[in-house]
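Read the structure below first, then the notes.
In the UniProt record's numbering, the protein residues as written are 1 to 470.
What follows is the structure, given as C-alpha cells:
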C-alpha cells in the first residue's frame, strides 16, 4: 500500500474515485450511534439480497454482434464506467465519525444487478429498444441510422451507421454517468480485436502466451494438432494421480480460450471429463494441447465485410464416445448411432433457432435454415412420421426437431462425411483434414497469411454465421 501511495497516478485515481462518490451522494459523514458497531468491508444481508442476477452476454452473442457490425462496415467503440471498490477509507479531518451509506456502486452482492437496472432505465428513457433475446443489447433507430449498444457489467461497446449518432451517445453517457471513452475497441473480455477497413480479426494471442507461461509450457516442443489420432482416454484408475486443483485451473483457462479457438474445443472437452480424478495420462493429453498452442499462438477468427450474412448448421455425434459412461458428446446415452445423431441434430436445431431470434433484433430474417447432417437415417427419422414406432425410446423433447422441419424453420440436408465441418468437434483428425476444417471455421492467422487465402476461406466457405453442435 505504501508503494502504491507513492505513485501520483494511484493517488489521482483515489481522489477521482472519492469525487465520484461525493458527486453521486453515496455516503454521509456522521457521528456513530450509541451501541452501533460500524462495519468495514463486509456487507450484511439486506433488502433484495437474493435479487442479484444481472444479464451477461453469451460468447456466441458477442461473435454474432461482431459478424454483423463488420458486415455493415461499422467501427466498434468502447467506454468504461468510472467506479471501483474503495476499501477502508478514513478521513484525516474526521477520524472518529463514520460513513453512513446511502447507496452502493460496487462491493455489494446486488451491485451488478443495480447497475444494470439503472443503465437499462436510462437507455429505455432515451428511446432505445432492448433486444428480444439478448437483454444486454440495446438498439436505437433515428431516421435511417442505427446505433447498437452492448453492456457487459460496466464495459460498454457501441457502434452505429452515423458518426453524429455515435458521438451524441458518447456525450449523453458522459453527462449521465462518470465514463471514460476508450476509443476504438481493441480489448474486450481478454479478446484482442484488430479492426480493419475490410476485415476484423479477433484473437487471444496475449492470453495464449500468458497461460503457456503460467503453466510452464512456454518452452515446450510445438505440435501441429491438439490431439493425436489414436487418443483414447479412460478413467485410468491405476495411473498416477496429479494435482486436481492445478488440473481444474488449466481447464478454466483453456475453456475460456475456445471463445476464439474452436479448433481446440474437442480436445479440451475430452480431457475435462476427468477433472474429478485426473491422472498422468490425462495430463499428457493436456500437454499436447499446450504444445499445439505453442505452435499456433496467433490464430483467431476472421470476419470479412465482403461476406454476406448467412446462417447454417452442422451436426455430428460420436456414439458412445465416452469410455466411462458410454455417453455421446451431446450427453445422451443412445441405443444406436441413429439415436445419437438424431439427438445431436435436435440440439443443433435449438441453437439455430436461438441464433435466428437473436439476429432478428438486427432486422435480419431467414427462411429455411440449412442444417447439414451426415446421417441419412437421422434425417429419415426427422422427416418421416411413419418411423415413429422405431423411435419410442427417444425422449419426446427431441422430437421438436420434426416439428420445426414441418413448420419450415429448418431444412435437413445430407452432407458427405468428408465435408462435415462438425467432425473437428467429435474426433481427432489427421493434420491435412484438421487444417482444412480449421480454415473453414474461419480460424486463421493474422500475420503472414495470403490475402487471397483469407478472402477465399471467409467468403466461399465460412459465409457469415455457423451453428455447430455435436
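Beta carbons are placed, not taken as given, at the ideal position from N, Cα and C, and that holds for glycine.
- The continuous stretches of beta strand (DSSP E) do not include residue 439, which lies in the alpha helix (DSSP H) extending over residues 431–440.
- Per DSSP, the continuous alpha helix (DSSP H) segment holding residue 249 begins and ends at 244–257.
- Annotation: the segment 143–190 contains the following complete segments of the beta strand (DSSP E) (minimum length 3 residues), in chain order: 145–152, 155–160 and 179–184.
- The continuous alpha helix (DSSP H) containing residue 59 extends over residues 59–71.
- Three or more Cβ pairs closer than 8 Å define a contact, and the segment 56–76 meets that threshold against the segment 153–161.
- Residue environment for residue 271: buried (at least 16 other C-beta atoms within 10 angstroms of its C-beta).
- Counting of Cβ neighbours within 10 angstroms places residue 375 among the buried residues, the total reaching 16 or more.
- At the C-beta level, residue 394 and residue 430 stay beyond 8 Å of one another.
- The alpha carbon of residue 273 has as its nearest neighbour, out of 310, 234 and 298, the alpha carbon of 234.
- In the three-state reduction of the DSSP assignment, residue 362 falls in the coil class, being assigned neither a helical nor a strand state.
- Per the DSSP secondary-structure output, residue 220 pairs with nothing in a beta bridge.
- Secondary structure of residue 277 (DSSP, three-state): coil.
- The three-state reading of DSSP puts residue 141 in strand, counting E and B together.
- The beta carbon of residue 236 sits closer than 6 Å to the beta carbons of 279 and 281 from its chain, once the five residues preceding and following it are set aside; these are given in chain order.
- Annotation: residue 418 is outside any beta strand (DSSP E) and is labelled neither H nor E by DSSP.
- In this chain, the alpha helix (DSSP H) harbouring residue 113 covers 111–125.
- Between residue 137 and residue 361, the CB-CB gap stays under 8 Å.
- According to DSSP, residue 304 shares a beta bridge with 199.
- The C-beta of residue 315 has 16 or more other C-beta atoms within 10 Å across all chains shown, which makes the residue buried.
- Membership of residue 402 in the alpha helix (DSSP H) is indicated by the continuous run 400–407.
- In the assembly as shown, residue 312 is a buried residue. Its beta-carbon has 16 or more other beta-carbons within 10 Å.
- Annotation for residue 270: no beta strand (DSSP E) segment contains it, though the alpha helix (DSSP H) segment containing it runs 265–272.
- With three or more CB-CB distances shorter than 8 Å, the segment 250–263 counts as touching the segment 203–211.
- Checking the DSSP bridge columns, you'll see residue 287 has no partner listed.
- Note: residue 130 is bridge-paired with 138 in the DSSP secondary-structure output.
- In this structure, the straight-line span from the alpha carbon of residue 336 to that of residue 382 is close to 15 Å.
- When only Cα atoms are considered, residue 213 and residue 293 end up about 12 Å apart.
- In terms of Cβ geometry, residue 299 and residue 133 do not form a close pair [threshold 8 Å].
- With a threshold of 16 other beta carbon atoms within 10 Å, residue 318 meets it and is buried.
- Between the C-alpha atoms of residue 275 and residue 267 there is a straight-line separation of about 14 Å.
- For residue 355, the secondary structure class from DSSP, reduced to helix, strand or coil, is helix.
- In this model, residue 364 and residue 308 are separated by some 12 Å (Cα to Cα).
- Secondary structure of residue 75 (DSSP, three-state): coil.
- Counting only the Cα atoms, residue 411 lies some 5 Å from residue 370.
- Annotation for residue 212: no beta strand (DSSP E) segment contains it, though the alpha helix (DSSP H) segment containing it runs 205–214.
- In the DSSP assignment, residue 369 falls within the unbroken beta strand (DSSP E) covering 369–373.
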